[in-house]
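Chemist: Take the sequence shown: its position 546, counting from 1, is numbered 546 in the UniProt record's numbering, and each next residue is one higher.
Beta carbons are placed, not taken as given, at the ideal position from N, Cα and C, and that holds for glycine.
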Amino acid sequence: MRKANQALERKKICTLEILIAQQLKKLQEIQVLEFKTSMQQDFQIFESSRVKNNQIKKYWGQDMRDTRRRLNNESRQQRQKSDVQEQEKKRILRQSRTLYNNDSSVNISVKNAPIITHKNEFKSEVYLNLPESLTNNQKARNQSLDFKTSTLDVNTPYQNVSNSIINHLDYSNIISSETLEANSRSPGSLSAKKSEKKLFQLIDLKIERMKENEQKRKQIMDKLSRKLELSSIQRNQILIEDVQYRVSKKLSNKLEVIKKHNREMEEKQSQEFQNELQRLKEQQEQAKLFKKEQRLQEKFKTEQELKIKEIKQQEQIQQQKEDFENNKQRLEVIETKHIKSQQKMFESLKQKSDNLKHKNRLLSEKRFIVQEMNMEKERKIAESFLKNEQYRSTIYHSRQLRQSNHFTQQNGQIYQMNNDPLDVEKRNKYSILNRSVNSESRANFDLNLHQSLEERIRKATERKEEQEKERQRQNQLKKEMERLKLEEIQELKRIQQNQRQAINKHIFEKQKEKELQVRQMRESLEKRAQEAYNVQIRYNKEKELKIRQSLNFI
Numbered sequence: 001m002r003k004a005n006q007a008l009e010r011k012k013i014c015t016l017e018i019l020i021a022q023q024l025k026k027l028q029e030i031q032v033l034e035f036k037t038s039m040q041q042d043f044q045i046f047e048s049s050r051v052k053n054n055q056i057k058k059y060w061g062q063d064m065r066d067t068r069r070r071l072n073n074e075s076r077q078q079r080q081k082s083d084v085q086e087q088e089k090k091r092i093l094r095q096s097r098t099l100y101n102n103d104s105s106v107n108i109s110v111k112n113a114p115i116i117t118h119k120n121e122f123k124s125e126v127y128l129n130l131p132e133s134l135t136n137n138q139k140a141r142n143q144s145l146d147f148k149t150s151t152l153d154v155n156t157p158y159q160n161v162s163n164s165i166i167n168h169l170d171y172s173n174i175i176s177s178e179t180l181e182a183n184s185r186s187p188g189s190l191s192a193k194k195s196e197k198k199l200f201q202l203i204d205l206k207i208e209r210m211k212e213n214e215q216k217r218k219q220i221m222d223k224l225s226r227k228l229e230l231s232s233i234q235r236n237q238i239l240i241e242d243v244q245y246r247v248s249k250k251l252s253n254k255l256e257v258i259k260k261h262n263r264e265m266e267e268k269q270s271q272e273f274q275n276e277l278q279r280l281k282e283q284q285e286q287a288k289l290f291k292k293e294q295r296l297q298e299k300f301k302t303e304q305e306l307k308i309k310e311i312k313q314q315e316q317i318q319q320q321k322e323d324f325e326n327n328k329q330r331l332e333v334i335e336t337k338h339i340k341s342q343q344k345m346f347e348s349l350k351q352k353s354d355n356l357k358h359k360n361r362l363l364s365e366k367r368f369i370v371q372e373m374n375m376e377k378e379r380k381i382a383e384s385f386l387k388n389e390q391y392r393s394t395i396y397h398s399r400q401l402r403q404s405n406h407f408t409q410q411n412g413q414i415y416q417m418n419n420d421p422l423d424v425e426k427r428n429k430y431s432i433l434n435r436s437v438n439s440e441s442r443a444n445f446d447l448n449l450h451q452s453l454e455e456r457i458r459k460a461t462e463r464k465e466e467q468e469k470e471r472q473r474q475n476q477l478k479k480e481m482e483r484l485k486l487e488e489i490q491e492l493k494r495i496q497q498n499q500r501q502a503i504n505k506h507i508f509e510k511q512k513e514k515e516l517q518v519r520q521m522r523e524s525l526e527k528r529a530q531e532a533y534n535v536q537i538r539y540n541k542e543k544e545l546k547i548r549q550s551l552n553f554i
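(1) When you compare only the Cα positions, how much space is there between Glu526 and Gln520?
(2) By the 10 Å Cβ neighbour count, where 16 or more other Cβ atoms means buried, how is Glu325 classified, buried or exposed?
(3) Relative to the C-alpha of Thr339, which candidate in Glu491, Asn73 and Arg538 has its C-alpha closest?
(4) Are Ile240 and Ile20 close, meaning C-beta to C-beta below 8 Å?
(5) Using the Cα positions of Glu465 and Arg500, report the straight-line distance between them to the nearest angstrom.
(6) Are Gln342 and Glu488 closer than 8 Å when you measure CB to CB?
(7) Work out the CA separation of Gln314 and Glu544 for me, nearest whole Å.
(8) Determine the direct distance from the alpha carbon of Lys387 to that of Thr394, and round the result to whole angstroms.
(9) Give every residue of the same chain whose Cβ lies closer than 6 Å to the Cβ of Lys25, excluding the five residues on either side of it in the sequence, and list them in chain order.
(10) Might you give, ordered along the chain, the residues of its own chain that have their beta carbon closer than 6 Å to the beta carbon of Ile317, omitting 5 neighbours on each side?
(11) If we call anything under 8 Å between Cβ atoms a contact, is His506 one with Gln320?
(12) Taking just the CA atoms, how far does Lys249 sit from Ile238?
(13) For the pair the segment 348–368 and the segment 463–482, tell me if three or more CB-CB distances fall below 8 Å.
(14) Would you decide whether Ser252 is buried or exposed? Buried here means 16 or more other CB atoms lie within 10 Å of its CB.
(15) Considering only the beta carbon of each residue, do Glu305 and Ile547 sit closer than 8 Å?
(16) According to the Cβ coordinates, are Asn327 and Ile537 closer than 8 Å?
(17) Please classify Lys266 as buried or exposed, where buried requires at least 16 other C-beta atoms within 10 Å of its C-beta.
(18) Exposed or buried, what is Tyr245 when buried is set at 16 or more other beta-carbons lying within 10 Å of its beta-carbon?
(19) Determine the direct distance from the alpha carbon of Asn262 to that of residue 555, and round the result to whole angstroms.
(20) Thinking C-beta only, is Lys309 closer than 8 Å to Lys514?
(21) With distances taken from CA atoms, which of Ser82, Gln269, Lys380 and Lys312 is nearest Gln511?
(22) Could you tell me the distance, in whole angstroms, from the CA atom of Met345 to the CA atom of Ser364?
(23) Pick out whichever of Leu280, Thr302, Lys268 and Gln496 has its Cα sitting closest to the Cα of Glu332.
(24) Give me the Cα-Cα distance between residue 568 and Leu224, rounded to the nearest whole angstrom.
(25) In whole angstroms, give me the CA-to-CA distance for Glu293 and Glu282.
(26) Using the Cβ count rule (16 or more neighbours within 10 Å means buried), how would you classify Leu255?
(27) Compute the Euclidean distance between the alpha carbons of Val32 and Val535, then round it to the nearest angstrom.
(28) Just the Cα atoms here: how many angstroms apart are Glu335 and Arg361?
(29) I think Arg463 touches Arg379, with their Cβ atoms under 8 Å apart; what is that distance to the nearest whole Å?
(30) In or out: Asn434 buried (at least 16 other Cβ within 10 Å) or exposed?
(31) Given a cut-off of 8 Å on the beta-carbon distance, is the pair Ile369 and Ser452 in contact?
(32) Under the rule that 16 or more other beta-carbon atoms within 10 Å means buried, what is Leu280, buried or exposed?
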């Protein structure tokens, strides 16, 4: 039986050890998670501070006191949260202690009672004074457990003891009933009862009580056997808890060492970070001073360059003025030459016009002479025509006289001739001939007159056409003169406009060159400042990378 019990106990102990190992693994995982979360929080704090430092680097002129205040507030809030959590866990421990102290059902010896002491706010130690029966005649072991309330959440052994001894009131009632029976069996009470009935009644009562007591004893024995089993289980539980406390103590010590190391590293890193920040501030100040010096030097250089440029500009303006005056003089010379050429041209045109007028006058005189000659010819022709007419009229009168004379002389002959047919024919023949001669002479005279009139009309029309042509030619010459004048004026205006445009273009090009030089200087200055700023940012980023690498390594 003992071997079987021992084997069962060993099995129970093995299972308990397995459970303890699982719980320890869980505790280790929880601790690792908490350590990771704490490191993540620290890294987040560092990242937030790095972001803030980057913002500070971006804006050189910002005040650093705001960032310090924010960081202090965040750390203060985190500390307050951790203090509240620790106080809450302390309060829970205190309540558990008060519950254990106030529990009247627990009537155990002082040796078996756990002793709880407090070293400080964050640590608590539990000492177990176990009886010799549970420790197999070994010395009482005082085990202490130092742990942080924020990291461990383990049931204390006195809570398990108080929970296991729940039916202790029944046991006290049974003991009190046994004491009453012993008092009832005392001789003083039997001598007081004299009657037999009372004795028999008492005997019956005693028998009944004995039966009841036997039943009660059986019950008590059963309960005691159960309690012994419970005590063995409790012993095993206490041993397990002792092992748990040892392991937790070791783990808590290791955790304390790790946390101390982490605190030291954090302090060292914070100190390094503060030193780095201080150095960065000094570098920023040095960079600001260097930038100021650079700006002053560049300002001085720019001022000197601007002065040199102003002197050059003044010289250029003076040269431009001289060029403008020279161009003006050239323009005046060109204008004088042009005016002289115009005057010469006008004189030549005037001379040409005078020559043309003289020619026209000569032509008009010639025409007048020709007209006079023509008139003289016409007059002569008319006189000759009149003379011819007179001559003809005289001839006609003389002929008529002759005819009349001839008729008178030959009246007698006429009569005879009239009577004679041959004479009649002759007379008729001569009369027809005379008529034809007269008609021919008249027709010739009319034809000559018509021809002379046509000739005069033709000459007059030719004269008019020549005059019209001459007038048109003079108008064309006038128009040509006006056109030449306008062309010369336009040419002068164009030359002046080109000269003005050339001068303005030269001035505009000079201004453009000046603006380009100023822009190039400004761009070079901005480029230098940007390069210095980029170098500083690169240096700060390298430092931050080194700090982050050191943190990751830790």
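Modeler: With the given structure in hand:
(1) Start at 1 with the first residue of the sequence shown, and residue 526 comes out as number 526. Start at 1 with the first residue of the sequence shown, and residue 520 comes out as number 520. Using only the alpha carbons, I get a separation of about 10 Å.
(2) Locating residue 325 in the sequence shown gives position 325, where the first residue counts as 1. Classification for Glu325: exposed.
(3) Position 339 of the sequence shown, counted from the first residue, corresponds to residue 339. Correcting the residue type first, residue 339 is Ile in the shown sequence and not Thr. Of the candidates Glu491, Asn73 and Arg538, the one whose C-alpha sits nearest the C-alpha of Ile339 is Glu491.
(4) Within the sequence shown, residue 240 is the residue found at index 240, counting from 1. Within the sequence shown, residue 20 is the residue found at index 20, counting from 1. Contact flag set, yes.
(5) To locate residue 465, count along the sequence shown from 1; it is residue 465. To locate residue 500, count along the sequence shown from 1; it is residue 500. Roughly 52 Å between the two C-alpha positions.
(6) As a working mapping, residue 342 is identified with position 342 in the sequence shown. As a working mapping, residue 488 is identified with position 488 in the sequence shown. Cβ distance < 8 Å, so Gln342 and Glu488 count as in contact.
(7) For the purposes of this step, residue 544 is taken as residue 544 along the sequence shown, with counting starting at 1. For the purposes of this step, residue 314 is taken as residue 314 along the sequence shown, with counting starting at 1. Going by the C-alpha atoms only, they are around 54 Å apart.
(8) Working through the sequence shown from its first residue, we reach residue 394 at position 394. Working through the sequence shown from its first residue, we reach residue 387 at position 387. Going by the C-alpha atoms only, they are around 10 Å apart.
(9) By 1-based counting over the sequence shown, the position of residue 25 is 25. Result list for Lys25: empty, nothing under 6 Å.
(10) Walking along the sequence shown from the start, residue 317 turns up at place 317. So no residue of the chain qualifies.
(11) Against the sequence shown, residue 506 aligns to sequence position 506. Against the sequence shown, residue 320 aligns to sequence position 320. Yes, the pair counts as a contact, with Cβ atoms nearer than the cut-off.
(12) What you label residue 238 is simply residue 238 of the sequence shown in a count that begins at 1. What you label residue 249 is simply residue 249 of the sequence shown in a count that begins at 1. Taking the straight line from one Cα to the other gives about 16 Å.
(13) yes
(14) Numbered from 1 along the sequence shown, position 252 holds the residue referred to as residue 252. By the 10 Å Cβ count, Ser252 comes out buried.
(15) What you label residue 305 is simply residue 305 of the sequence shown in a count that begins at 1. What you label residue 547 is simply residue 547 of the sequence shown in a count that begins at 1. In this structure, Ile547 does not lie closer than 8 Å to Glu305 by Cβ.
(16) For this step, residue 327 is matched to residue 327 along the sequence shown. For this step, residue 537 is matched to residue 537 along the sequence shown. Taking 8 Å as the Cβ cut-off, Asn327 and Ile537 do not qualify as a contacting pair.
(17) Residue 266 sits at position 266 when you count from the first residue of the sequence shown. According to the sequence shown, residue 266 is Glu rather than Lys. Per the 10 Å Cβ criterion, buried.
(18) Here the question's residue 245 lines up with position 245 in the sequence shown. Buried is the call here.
(19) Examination of residue 555 is not possible in this model, given that the chain is present from 1 through 554 alone.
(20) Here residue 514 refers to the residue found at position 514 of the sequence shown. Here residue 309 refers to the residue found at position 309 of the sequence shown. Yes, these two residues count as a Cβ contact at 8 Å.
(21) Numbered from its first residue, the sequence shown carries residue 511 at position 511. Of the listed residues, the one whose Cα sits closest to Gln511 is Lys312.
(22) Residue mapping note: residue 345 aligns to position 345 of the sequence shown, counting from 1. Residue mapping note: residue 364 aligns to position 364 of the sequence shown, counting from 1. Near 27 Å, if we compare the C-alpha coordinates of Ser364 and Met345.
(23) As a first step, residue 332 must be located in the sequence shown, where it is residue number 332. Of Leu280, Thr302, Lys268 and Gln496, the residue nearest in Cα terms is Gln496.
(24) Here the chain covers residues 1 to 554 and nothing more, so residue 568 does not appear.
(25) Position 293 of the sequence shown, counted from the first residue, corresponds to residue 293. Position 282 of the sequence shown, counted from the first residue, corresponds to residue 282. Glu293 and Glu282: Cα-Cα distance of roughly 16 Å.
(26) Working through the sequence shown from its first residue, we reach residue 255 at position 255. With 16 or more Cβ atoms within 10 Å of its Cβ, Leu255 is classed as buried.
(27) Against the sequence shown, residue 32 aligns to sequence position 32. Against the sequence shown, residue 535 aligns to sequence position 535. Spanning the two alpha carbons is a distance of roughly 41 Å.
(28) Position 335 of the sequence shown holds residue 335. Position 361 of the sequence shown holds residue 361. Glu335 and Arg361: Cα-Cα distance of roughly 37 Å.
(29) Start at 1 with the first residue of the sequence shown, and residue 463 comes out as number 463. Start at 1 with the first residue of the sequence shown, and residue 379 comes out as number 379. Not quite, the Cβ-Cβ distance comes to about 19 Å (not below 8 Å), so this is no contact.
(30) The sequence position of residue 434 within the sequence shown is 434, counting from 1. Caution is warranted here: a pLDDT of 48 is assigned to Asn434, below 50, making its placement in the model unreliable, and the coordinate value is therefore given only provisionally. Exposed.
(31) Here residue 369 is taken as the residue at index 369 of the sequence shown, counted from 1. Here residue 452 is taken as the residue at index 452 of the sequence shown, counted from 1. Not closer than 8 Å, so no.
(32) Here the question's residue 280 lines up with position 280 in the sequence shown. Classification of Leu280: buried, given that the 10 Å Cβ count is 16 or more.
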